[in-house]
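From first to last, the protein sequence lines are chains Y and A. Going by UniProt numbering, 146 is the number at position 146 of the first sequence; the sequence numbering is gapless. Going by UniProt numbering, 321 is the number at position 321 of the second sequence; the sequence numbering is gapless.
Number of protein chains: 2
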Amino acid sequence: MLSSDADGLSSRGAAVEIADRPRREVTLADVARAAGVSKSTASKALRDKYGVGADTRTRVREVAEKLGFRPSAVARQLTAGRTGTVGILTNDLEGRFVIPILAGAEDALGAGELSVILCDARGDAIRERRHLRTLLERRIDGLIVVGGARTEPRPSLGRDLPLPVVYAYAPSADPEDVSVAADDRLGGLLAAEHLWSIGRRSIAYIGGDPTYDASRERAEGARAALAALGGELITAPMSAGSWTERWGRLATARLLDEQPGIDAFIAASDMLARAALDVLRDRRLRVPDDVAVMGFDNWPIIVTNTRPELTSVDLGLQELGRYAASRIFAALSGEEVAPGLDLRPVRVVVRDSTVRNDVAAD
Amino acid sequence: MLSSDADGLSSRGAAVEIADRPRREVTLADVARAAGVSKSTASKALRDKYGVGADTRTRVREVAEKLGFRPSAVARQLTAGRTGTVGILTNDLEGRFVIPILAGAEDALGAGELSVILCDARGDAIRERRHLRTLLERRIDGLIVVGGARTEPRPSLGRDLPLPVVYAYAPSADPEDVSVAADDRLGGLLAAEHLWSIGRRSIAYIGGDPTYDASRERAEGARAALAALGGELITAPMSAGSWTERWGRLATARLLDEQPGIDAFIAASDMLARAALDVLRDRRLRVPDDVAVMGFDNWPIIVTNTRPELTSVDLGLQELGRYAASRIFAALSGEEVAPGLDLRPVRVVVRDSTVRNDVAAD
């Protein structure tokens, strides 16, 4: 979702610009009038809602930026009489997943206009209940529950909470809750299509911990894409697996030994892809000429440091955070927010491990 | 600071245990009486304050744990009439540094007893002022300002803030502010001493971005340690440098070419150490037999995934967070908190890249 990311940046820039030169606050009505659309349409276009054409969305956003409209003004109107605080409850011990989601939510909420209370439950249910109690005592307006490494459905916090709750990254197990998550299956599908498009026909998959939904769904997506194209996904005949590089090296070595002719690997994480690169280097196989490699997560510190730099599926976590916050807003403004799981798009970011820079237009 | 980490874990465990079986709240006075010390000494011992002997500290903590004393009860007493919220203002885009510091502060504050508002200023001064305004409007009790990758002194938020402020990881440039940071120089010193103790005499340093204080201070510590031991630190004759693995590989290769006989590398980060490991592997040099390698940060996802696993200097970020929170408490309870920079200890965590597991007692 490159376009969403770019929007996030530009609206951030606009807010900063306005802060420097005070003037009459530009309203949503001003933007709607100038763009020639209804206030409802303008609001949808600015809040990434479906049901608005791409042209309209672009026009409204351009007008909003030109007029210096602060998206946070929407927030301020909505939060009259509220505490102006959204809570984020997380189990993410490392911050790898929650920090980009937090940044995205902040974009949607307006920096400095709404506060985010981050509570790290550290995978401990008692700690989570205690954090939840504290958050409710502080009368937050809404709550975003962010999963950690595991993306499978997590226990619901319950249906009787007195505020809008959105589960992000890991959905709630209760289909009556509102959940948003990255589309792992689509990620596997796009990965396989990318490798097929550059001529690879013997594509193998290196999974992580097989008890993780993410590892299975990424494989299923790749398998479905290859089946549609007339190919077949090569997988390891092993039920073991983990998210460590040690496992990634072992799996890569076994696949290369048992399936001669592999010309591409899809790894379920960037760490596992890095492990594959290390094994290929040890064996004097050239990447991407002999074997192409791609990972999942598009984690900057990994993908830009490998030899060569790593093609990866970006899960759009920042966009996920913005979208989760927009669901909270929608609920607060009285819109009906459909329950269930809303899968958000992902994208492939191409680097030298699949397409060498000197031959890519990209 | 192994002992502090262990304490953090045990007090966390104790708090959870108590939550399950309600009974009369154990007070600080109960703990002091049972340990045979004054309330003031008991409070200091529980809050990591200097001026209490190690024996007393251990005894008080054992008594506190036995009685099921919740450290957060101190917090509750202190926060009567307060908002019960400490703000964390950060520039750490990735969350690598702020998340462990946040976890440590939470330990000290008592999970669920006090809230932490995390604001990500993203290195943007206007955004930072706006966050600060919001935090003050929400009447937080104290503020911890957490630096990002850069550890050099940062601009002060000012002396006229109406609440206790502690700068953590990156100190304030104003010596009248209260700052706590990891002792990078000590880290370099301990690293060099460790390598010397295992018989290495040609120790080279791979720095990161040379404009970072952390990169320079780590080198200075190593240089001072080796000078005292009769050795000399080998450094690259280059003024360039960055925190990327590409740079780490280049620096390692040049040092090996220009200084034959190097038998150990200290790298200024785990990523740079990993780059050194990759180059040594390419050159068929054995680690640690031919060349020992160690890094800085003790970042789990790197140090446990390299071949071999990486010895590293742990900067004690979680302890730093606990200590910063304890400074806020001290100020709130009317204690005089000395201004200036308080450098906190660091430690070497030994793994296979310096001492092979089959020969180490560790």
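Where is the CB? At the ideal position from N, CA and C, for every residue including glycine. Computed from a predicted model, the values in this text were never measured in an experiment.
- Are the beta-carbon atoms belonging to residue 350 of chain A and residue 187 of chain A less than 9 Å from one another? no
- Per-residue contacts from residue 188 of chain Y into chain A (C-beta, under 9 Å): Within chain A, no residue comes near residue 188 of chain Y; the closest Cβ sits about 23 Å away, beyond 9 Å.
- Task: Could you pull out every unbroken beta strand (DSSP E) segment of at least 3 residues lying fully inside the region 133–214 of chain Y, listed in chain order?
- Result: 142–146, 165–168, 178–182 and 203–206
- Message: Would residue 305 of chain Y pass as an interface residue toward chain A - the criterion being a Cβ-Cβ separation below 9 Å?
- Response: yes
- Message: Please report the straight-line C-alpha distance between residue 149 of chain A and residue 313 of chain Y, rounded to a whole angstrom.
- Response: 26 Å
- Quick one: Cα of residue 332 of chain A to Cα of residue 271 of chain Y, how far? 44 Å
- Evaluate residue 57 of chain Y with the Cβ neighbour count: other Cβ atoms within 10 Å of its Cβ, from every protein chain shown; 16 or more gives buried, anything less gives exposed. buried
- Message: Taking CB distances under 9 Å as the criterion, tell me whether residue 244 of chain Y reaches chain A.
- Response: yes
- With distances taken from CA atoms, which of Y:263, Y:273 and Y:264 is nearest residue 250 of chain Y? Y:273
- Any idea what DSSP makes of residue 267 of chain A, helix, strand or coil? strand
- Query: Taking the C-alpha atoms as reference points, what is the distance between residue 126 of chain A and residue 33 of chain Y?
  - Reply: 30 Å
- Counting only beta-carbon atoms, is residue 98 of chain Y nearer than 9 Å to chain A? yes
- What span of residues does the beta strand (DSSP E) with residue 86 of chain Y cover, start to end? 85–90
- Nearest chain A C-beta to residue 278 of chain Y closer than 9 Å, yes or no? yes
- residue 134 of chain Y classed as buried or exposed, judged by whether at least 16 other C-beta atoms fall within 10 angstroms: buried
- Using DSSP bridges, identify the partner residues of residue 329 of chain Y. DSSP output for residue 329 of chain Y lists no bridge partner at all.
- Distance, Cα to Cα, residue 46 of chain Y vs residue 87 of chain Y? 23 Å
- Message: I'd like to know whether the C-beta atoms of residue 287 of chain A and residue 256 of chain A end up nearer to each other than 9 Å.
- Response: no
- Going by CA-CA distance only, name the one from A:157, A:167, A:259 and A:154 that's closest to residue 205 of chain A. A:259
- By the criterion of Cβ-Cβ separation under 9 Å, what are the contact partners of residue 271 of chain A in chain Y? 301 and 305
- In three-state DSSP terms, what is residue 311 of chain Y? strand
- Report the option in A:158, A:222, A:327 and A:233 whose CA atom is closest to the CA atom of residue 183 of chain A. A:222
- Message: Using the Cβ count rule (16 or more neighbours within 10 Å means buried), how would you classify residue 130 of chain Y?
- Response: buried
- Do residue 341 of chain A and residue 103 of chain A have their C-beta atoms closer together than 9 Å? no
- Message: For chain Y, check one thing: does any of its Cβ atoms lie closer than 9 Å to the Cβ of residue 94 of chain A?
- Response: yes
- Sub-9 Å separation of residue 147 of chain Y and residue 173 of chain Y beta-carbons: no
- Query: When the cut-off is 9 Å and only beta carbons count, does residue 275 of chain A lie next to chain Y?
  - Reply: yes
- Task: Could you tell me the boundaries of the alpha helix (DSSP H) in which residue 257 of chain Y lies?
- Result: 245–258
- Query: So with Cβ pairs under 9 Å, would you call residue 150 of chain Y a contact of chain A?
  - Reply: no
- Do residue 195 of chain Y and residue 354 of chain Y have their C-beta atoms closer together than 9 Å? yes
- Tell me whether residue 292 of chain Y sits in a helix, a strand or coil according to DSSP, three-state version. strand
- Message: Going by beta-carbon coordinates alone, are residue 303 of chain Y and residue 265 of chain Y separated by less than 9 Å?
- Response: no
- Message: Please return the same chain residues whose Cβ sits closer than 6 Å to the Cβ of residue 348 of chain Y, not counting the five positions on each side in sequence.
- Response: 190, 194 and 313
- Item | Supposed close pair residue 321 of chain Y, residue 100 of chain Y - CB separation, criterion 8 Å | 7 Å
- Query: Is it the case that the Cβ atoms of residue 144 of chain Y and residue 226 of chain Y are separated by a distance below 9 Å?
  - Reply: no
- Message: Whole angstroms are fine: how far does the CA of residue 232 of chain A sit from the CA of residue 94 of chain Y?
- Response: 38 Å
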